[in-house]
Amino acid sequence: MKARDFKEHFKRNYLLAYPVVLSQLGHVLVGAADSVMVGRVGTNELAAVSIANAVFSVTMMFGIGVSFGLTPLVAQADGEGNHRASMRFLKHSFVINFIFGLLLFILLLFGGYILDILNQPKEVIILAKPYLAIIGFSLLPFMIFQTFKQFAEGLSMTKQAMYITLSANVINIILNYILIFGKIGFEPLGLVGAGWATLISRVLMAIGMVIFVLYFHQFKKYWTHFKVTVWNKKSFKQLLNLGVPTGFQYIFEVGAFASAAVMIGWMGATPLAAHQVAMNLASISYMMATGISAAATVRVGNQLGQRDIPTLRIAAFTCFLMAIIFMSFTGILFMSLNDLLPFLYTSDQSVIQIASSLLIIAALFQLSDGIQVVGLGALRGMGDVKLPTAVTFMAYWVIGLPSGYLLAFVFDFQEKGIWYGLLIGLSVTAIILFVRFNNKTRLLAHKFNQEITG
């Protein structure tokens, strides 16, 4: 590949990825803002945010995964120039995502009972329950937002969701300040105030995204097919076959990190608060890397629709390189500022000391995290989700978490041991998914060449 071609793909991927990166950053900043501002209230409150967000993040990431089923299908239809198919997938996806949003909210209504059986400090659970109930309800508007966001992203329109998400985050921070600390005449609500701020900001996000897709002129050619597209089982099946396994991919990964929070919670409120600080920072880089993954999904799906496998491979490998460069930078940042970054969240010296040591381990798994999430996105663009789902389960739940438990409680590495286990799981996933994508696209290129020459 010529340097000029590489530069062109890098530019196209960047233009697709950076708005999604900032949008995904916006999602994680909701939790980060809650953690930073609630951390000023107290260590128990910060620990409560940690355990509540550990439970909530599993359900939210499953919902995000389900909504991701729409993007590759729309990207492939766009590559084929089939506007009617794109609208058909949007209609069916809206129904699926709304139903899943409702089911996930109902599940989180019982989140208090889940917290009770996790053997966490009582003072932490009492604070976490009402916060979890409020942010659980925010899943309904969030899934509506995701539906229209993924549709727009499948059509390579990524900037508008970025603007809407970042605007909603500014509103969330302002409302956090008002409701947590009791400003401009409001009573201080503490952790509950952070929950209400999150709910309101997500309602506004959903409204903004729906208005954009309904009225922006570039979507008119798709809406003309709204009434003529019929409901059919095949479209539901296609979306679910991609979305549900993707949701489980996120459950297996995020669930592993949530389980890590539970195990660290057995050690006390201070290690749990420190875990929340380090995990919050690591989540920022991870969610930004998912933006590059989304670009890989769109580029791969679009080129697959055009049956251009050589360009598909180049576009995907450029995304891998972008993730390596970005995550190397974040790893260096975590390693060099590990003693300073925790001060953003708390002034408790015991929390800061533990968090700074965990950030060193977070720096070590940045590369693996970036490669594995781009691998999932690239394979998703090809409709390959079932085997990657099995890989994530094996890597995190058969290898990573058991290794972390042994290192933490048998070999007495404490919270560091659990994080080393996560590092192992991420590394295994990254290697397998990269090899899978490379082999699968080589075989696909050979198959298409045979069809052309045959």
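In this text, residue positions in the sequence shown follow our numbering: the first is 610, and each later residue adds one.
No residue lacks a Cβ here, since even glycine has one placed at the ideal position from N, Cα and C.
Predicted model only: the values in this text are computed from it and were never measured.
Three or more beta-carbon pairs separated by less than 8 Å link the stretch 806-825 to the stretch 739-755, which places the two stretches in contact. Assigned with DSSP and collapsed to three states, tyrosine 954 falls in coil, not helix or strand.
By the Cβ test, the stretch 1005-1019 is not in contact with the stretch 962-977, since fewer than three Cβ pairs between them sit closer than 8 Å. For threonine 906, the enclosing alpha helix (DSSP H) begins and ends at 878-914. Contact between the stretch 689-704 and the stretch 837-844 is present: 3 or more CB-CB pairs across the two stretches fall below 8 Å.
Comparing C-alpha distances from alanine 642 to each of Ala737, Ala806 and Phe795 shows the shortest one belongs to Ala806. The Cβ atoms of glutamine 685 and glycine 910 sit closer than 8 Å to each other. Taking the Cβ atoms as the reference, glycine 672 lies roughly 6 Å from glycine 710, within the contact range of under 8 Å.
In the structure shown, methionine 991 adopts coil according to DSSP, grouped into three states. Looking at the backbone, the Cα of methionine 818 and that of phenylalanine 754 are separated by about 6 Å.
For the set Phe1046, Val871 and Leu1032, the Cα lying nearest the Cα of alanine 663 is the one of Val871. At the C-beta level, glycine 635 and threonine 774 come within 8 Å of one another. Boundaries of the alpha helix (DSSP H) harbouring tyrosine 831: 829-832, taken from the DSSP string.
For the set Val645, Lys846 and Ala904, the Cα lying nearest the Cα of lysine 768 is the one of Ala904. A check of alpha carbon separations from leucine 985 across Phe935, Met888, Thr1038 and Leu973 identifies Thr1038 as the nearest. Exposed is the label assigned to aspartate 948, since fewer than 16 other Cβ atoms lie within 10 Å of its Cβ.
Residue environment analysis places aspartate 993 among the buried positions, since at least 16 neighbouring C-beta atoms fall within 10 angstroms of its C-beta.
Residue range 748-763 is occupied by the alpha helix (DSSP H) that includes glutamine 759. DSSP, read as helix, strand or coil, puts lysine 616 in helix. Taking all protein chains shown into account, leucine 712 has fewer than 16 neighbouring C-beta atoms within 10 Å of its C-beta and is therefore exposed. Where aspartate 687 is concerned, the enclosing alpha helix (DSSP H) starts and stops at 679-689.
Sorting Phe1046, Phe974 and Tyr831 by C-alpha distance to the C-alpha of methionine 991 places Phe1046 at the top. DSSP, reduced to helix, strand and coil, places proline 730 outside both helices and strands of the structure shown, so it counts as coil. For asparagine 947, there is no enclosing alpha helix (DSSP H), since its DSSP letter is neither H nor E. DSSP, read as helix, strand or coil, puts arginine 693 in helix.
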